[in-house]
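1 is the number of the first residue of the sequence shown in UniProt numbering; add one for each residue after it.
Positions of the beta carbon are idealized from the N, C-alpha and C atoms, including for glycine.
All remarks here apply to the structure that follows.
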Amino acid sequence: MLDVHLYRTQVSDVAVCELAKGCPGLQRARLHDTQVSDMAVCEFAKCCKGLLQVNLDNTKVSDVAVCELVKGCSGLQEVGLSGTQVSDVAVCKLAKGLQSLQRVYLGNTQVS
1 MLDVHLYRTQ VSDVAVCELA KGCPGLQRAR LHDTQVSDMA VCEFAKCCKG
51 LLQVNLDNTK VSDVAVCELV KGCSGLQEVG LSGTQVSDVA VCKLAKGLQS
101 LQRVYLGNTQ VS
């Protein structure tokens with residue numbers, strides 16, 4: 001599987017973790033408007049090294065998840081973080097750690 005679209009569902013962190021473990025070739029994950037937290041995103045970073053796009057808008061993720069994504073998914077090109085708890089720390093990590101990054105969405109965050 002290359003793409004997963006779970007936006008606006010009741011998917012749990014546990015389910016997303018299992019998905020990440022079972023689909024290491026995943027390239028695109030749309031998890032926006034869910035209750036997904038750092039725990040699930042960290043599992044994606046560990047298992048899905050080829051992730052190119054991830055939309056986490058309006059989820060419970062923070063700088064912790066972003067730092068793990070940068071470490072684990074160095075080829076990320078697009079990251080959606082609008083409506084999350086990320087701060088300037090996450091933006092700096094993204095800018096310094098992802099040379100392939102083309103788009104970042106940060107509306108309604110703590111970024112200054």
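Between N58, G97, E68, which lies nearest to Q85 when the distance is taken from Cα to Cα? Considering only alpha carbons, the answer is N58.
Our contact map puts L98 next to A90 with C-beta atoms below 8 Å; I'd like the distance itself, whole angstroms only. That belief does not hold up - the Cβ atoms of L98 and A90 are roughly 11 Å apart, past 8 Å.
Measure the CB-CB distance between L31 and C48 and report whether it falls below 8 Å. No, Cβ-Cβ distance for L31 and C48 is not below 8 Å.
Specify, as a first and last residue, the run of the beta strand (DSSP E) that D63 falls within. Judged by DSSP secondary structure, D63 falls outside any beta strand (DSSP E) and instead within the alpha helix (DSSP H) spanning 63-72.
For the beta strand (DSSP E) holding D3, just list the boundary residues, first then last. Taken as a continuous stretch (DSSP letters only), the beta strand (DSSP E) holding D3 covers 3-5.
Distance CB(A29)-CB(L51) smaller than 8 Å: It is a contact, given that the beta carbons lie within the stated cut-off.
From which residue to which residue does the beta strand (DSSP E) around G80 run? Run containing G80: 78-80, per the beta strand (DSSP E) assignment.
Quickly, what does DSSP pair Q53 with across the bridge? List them, please. Q53 pairs with R28, E78.
Can you tell me where the alpha helix (DSSP H) with V41 in it begins and where it stops? Per DSSP, the continuous alpha helix (DSSP H) segment holding V41 begins and ends at 38-47.
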